[in-house]
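K.L.:
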Amino acid sequence: MGRFPLRTALASGVVTVLAGIGAVAVVTEASAATVRAGIPYVLVNRNSGKAMDVYNLATTDGAAINQYTRNDGAWQQWKFLDAGSGWYRLQSVHSGKVLDLPTTADGVQLVQNTDRNDARQQFRLADSAGGLVRLINRNSGKAVEVWERSTADGARISQYQDLDGTNQQWQLIPLAGTARTFTNPIKRNGPDPWLQHHNGYYYLATTTWNSTITMRRSATLAGLATATDQVIFNLAGRANGCCNMWAPEFHLINGRWYFYYTAGQNVPDYNPTQRLHVLESAGTDPMGPYTFKADLGSDWALDASVLKVGANLYLMGTYNAGGSYGQSNFIQRLSNPWTLTGSRARLSSPTLSWERQTGAVNEGPEPLYHDGKVMVVYSASACWGPDYKLGLLTLTGSDPLNPAHWTKKSTPVFQRNDANGVFAPGHNGFFKSPDGTEDWIVYHANDSAGGGCDMNRSTRAQKFTWNADGTPNFGTPVRLGTTLTAPSGE
Numbered sequence: 001m002g003r004f005p006l007r008t009a010l011a012s013g014v015v016t017v018l019a020g021i022g023a024v025a026v027v028t029e030a031s032a033a034t035v036r037a038g039i040p041y042v043l044v045n046r047n048s049g050k051a052m053d054v055y056n057l058a059t060t061d062g063a064a065i066n067q068y069t070r071n072d073g074a075w076q077q078w079k080f081l082d083a084g085s086g087w088y089r090l091q092s093v094h095s096g097k098v099l100d101l102p103t104t105a106d107g108v109q110l111v112q113n114t115d116r117n118d119a120r121q122q123f124r125l126a127d128s129a130g131g132l133v134r135l136i137n138r139n140s141g142k143a144v145e146v147w148e149r150s151t152a153d154g155a156r157i158s159q160y161q162d163l164d165g166t167n168q169q170w171q172l173i174p175l176a177g178t179a180r181t182f183t184n185p186i187k188r189n190g191p192d193p194w195l196q197h198h199n200g201y202y203y204l205a206t207t208t209w210n211s212t213i214t215m216r217r218s219a220t221l222a223g224l225a226t227a228t229d230q231v232i233f234n235l236a237g238r239a240n241g242c243c244n245m246w247a248p249e250f251h252l253i254n255g256r257w258y259f260y261y262t263a264g265q266n267v268p269d270y271n272p273t274q275r276l277h278v279l280e281s282a283g284t285d286p287m288g289p290y291t292f293k294a295d296l297g298s299d300w301a302l303d304a305s306v307l308k309v310g311a312n313l314y315l316m317g318t319y320n321a322g323g324s325y326g327q328s329n330f331i332q333r334l335s336n337p338w339t340l341t342g343s344r345a346r347l348s349s350p351t352l353s354w355e356r357q358t359g360a361v362n363e364g365p366e367p368l369y370h371d372g373k374v375m376v377v378y379s380a381s382a383c384w385g386p387d388y389k390l391g392l393l394t395l396t397g398s399d400p401l402n403p404a405h406w407t408k409k410s411t412p413v414f415q416r417n418d419a420n421g422v423f424a425p426g427h428n429g430f431f432k433s434p435d436g437t438e439d440w441i442v443y444h445a446n447d448s449a450g451g452g453c454d455m456n457r458s459t460r461a462q463k464f465t466w467n468a469d470g471t472p473n474f475g476t477p478v479r480l481g482t483t484l485t486a487p488s489g490e
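Read in the UniProt record's numbering, the sequence shown has 360 at position 360, and its numbers run on one by one without any break.
1. Please report the Cβ distance between Thr206 and Gly223, rounded to the nearest whole angstrom; I am assuming they are in contact, meaning their Cβ atoms lie under 8 Å.
2. Rounded to whole angstroms, what's the CA-CA distance from Lys308 to Leu401? Just pull it up for me.
3. Kindly list the residues whose CB is nearer than 8 Å to the CB of Leu340, restricted to its own chain and excluding five residues on each side of it in sequence; keep chain order.
4. Do Arg134 and Gln169 come within 8 Å of each other at the CB atom, strictly closer than that value?
5. Just verifying my parser: in three-state terms, what is the DSSP assignment at Arg3?
6. Tell me whether Asp192 sits in a helix, a strand or coil according to DSSP, three-state version.
7. For the candidate residues Asn254, Met52, Pro386, whose alpha-carbon lies nearest to that of Ala424?
8. One question on the structure: do Gly489 and Asp435 come within less than 8 Å of each other, judged by their Cβ atoms?
9. In chain order, what are the residue ranges of uninterrupted beta strand (DSSP E) at least 3 long that sit wholly in the UniProt domain "Ricin B lectin" (39-173)?
10. Please work out which residues of its chain come closer than 6 Å, Cβ to Cβ, to Leu480, disregarding the five sequence neighbours upstream and downstream, and give them in chain order.
11. How many whole angstroms separate the CB atoms of Leu392 and Val377, which I take to be in contact at a CB cut-off of 8 Å?
12. With a Cβ-Cβ cutoff of 8 Å, do Ile157 and Gln67 count as a contact?
13. Using the DSSP secondary-structure output, state which residues sit across from Glu249 in a beta bridge.
14. Could you tell me which whole beta strand (DSSP E) segments of length 3 or greater appear in the segment 303-329?
15. Let me check understanding here. Comparing Cα to Cα, which of Trp209, Asp100, Ser92 lies closest to Val267?
16. What distance in whole Å lies between the Cβ atoms of Phe430 and Leu368, which are believed to be in contact at a cut-off of 8 Å?
17. Would Ala152 be called buried (16 or more neighbouring beta carbons within 10 Å of its own) or exposed?
18. Which residues bound the beta strand (DSSP E) around His405?
19. Give the DSSP-derived three-state secondary structure of Ser353 in the structure shown.
20. Kindly indicate which residue of Met455, Gly475, Ala219, Pro286 has the alpha-carbon position closest to the one of Gln462.
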């Protein structure tokens, strides 16, 4: 399909000036368009009503910039970086890369690239009617537009002679002061949560207590509350782990997701049959598809997670250490994400009084890294009591397999708060905000002191900070229904 032959005559903002025997089209110059540096904007095209978008949530150099239905995701947010003398680079909040027009040709695809601050990446604002603007590229002198006046999702954004057409006009919508919010819980009936943010989406998996492994996803944290659980793997028929799926976790290792979970046989007393297992993804989508990869051990164990120290991988989990140690956390080397090697070592046991309330338990070890410090946050005391809580281990030696090289904090780091109506907070995970600047904890908890260790536990999330010594400060578990600011970069 060719270009519109009458686009010059149809373009708004064009003044016809008689000069001698000819007519010359003169385009109005910029006069008042301004932006605030560092504030994220959504750019909505006047003709289509759709937003400038990093297509398919790409983070790579050369990725296409197209239009898409507005959703205010980080991939539709742009910051104006001052390049001096009225020129700006437009930086994606999602990828950190800037808009780039590779050539001066009409119709060339607008892309994102690493910031070089050269003329291809610099734009000035030209005023249009109604407070809208055009983006004029410094290298080509042409205007950014939606090609062929398309109104379709995925339509190409390119450049053409500046005619002030409606497909070249953009509304700049500042998002400062309109931060997204959410309230807990982000999933009811969601015990043992694991949450990750990847390529523009939050992915959440929780215990199902049946033969299915499910996951839900959302572009916003608030959206997880109503997102649909999708079955990503069915355990039915597996002799060694058909049922009672607990404590899922998925880790991106060497370009594939490894999905760790606990499952056992379909027997009334499920505890003796529970084992650790792992799936492997076909690609980089957290939702799979997955294939079964391996059983991890042959005795009772639960709550698998993966720790990385240097170049080495370790499986952590919970087992019966026997004797006075009881239910404890263990650690064992992995030669790859699905193969155990060497002997299992005891990582921690319930030795302190606050780890032995209702029942003597250490379980759910989770890795946490900060400023070169390697830590493990674990759950302590019985999950069927209100005093289930979190403790902290710090690697203070060089050998993760040596219990003496770990130091246990003498007090809990996260526990019940009666004033806020939060009981038994535990079995946590960690995730980063979409822009990578914030640290968040996800955990489950009960609404009352009488809550049990069952499917009534709900998934909750909140931001945390760091103490001066490099250890986490999780604060106090917040009351359900409290309005919280969403993670930075949404």
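All residues carry an ideal CB built from backbone N, CA and C; glycine is no exception. It should be emphasised that the depicted structure is a prediction, and the values quoted were computed from it without experimental measurement.
P.N.:
According to the data block:
1. Not really, about 16 Å apart at Cβ, beyond 8 Å.
2. 12 Å
3. Leu296, Gly297, Leu315, Gln332, Arg333, Leu334
4. Yes; because the gap between Cβ atoms is below 8 Å, this pair is in contact.
5. Note that Arg3 scores 30 on pLDDT, short of 50, meaning its location in the model is unreliable; the coordinates nonetheless yield the value given after this. DSSP places Arg3 in coil when its eight states are reduced to three.
6. When DSSP states are grouped into helix, strand and coil, Asp192 belongs to the coil group.
7. Pro386
8. yes
9. 40-45, 51-54, 65-68, 78-84, 87-92, 98-100, 111-113, 123-127, 133-137, 143-146, 157-160
10. Asn184
11. 6 Å
12. yes
13. Tyr260
14. 312-320
15. With distances taken between Cα atoms, Val267 lies closest to Trp209.
16. About 6 Å separates the Cβ atoms of Leu368 and Phe430, confirming a contact at the 8 Å cut-off.
17. It counts as exposed.
18. Note, His405: premise wrong, no beta strand (DSSP E); not H, not E.
19. helix
20. Gly475
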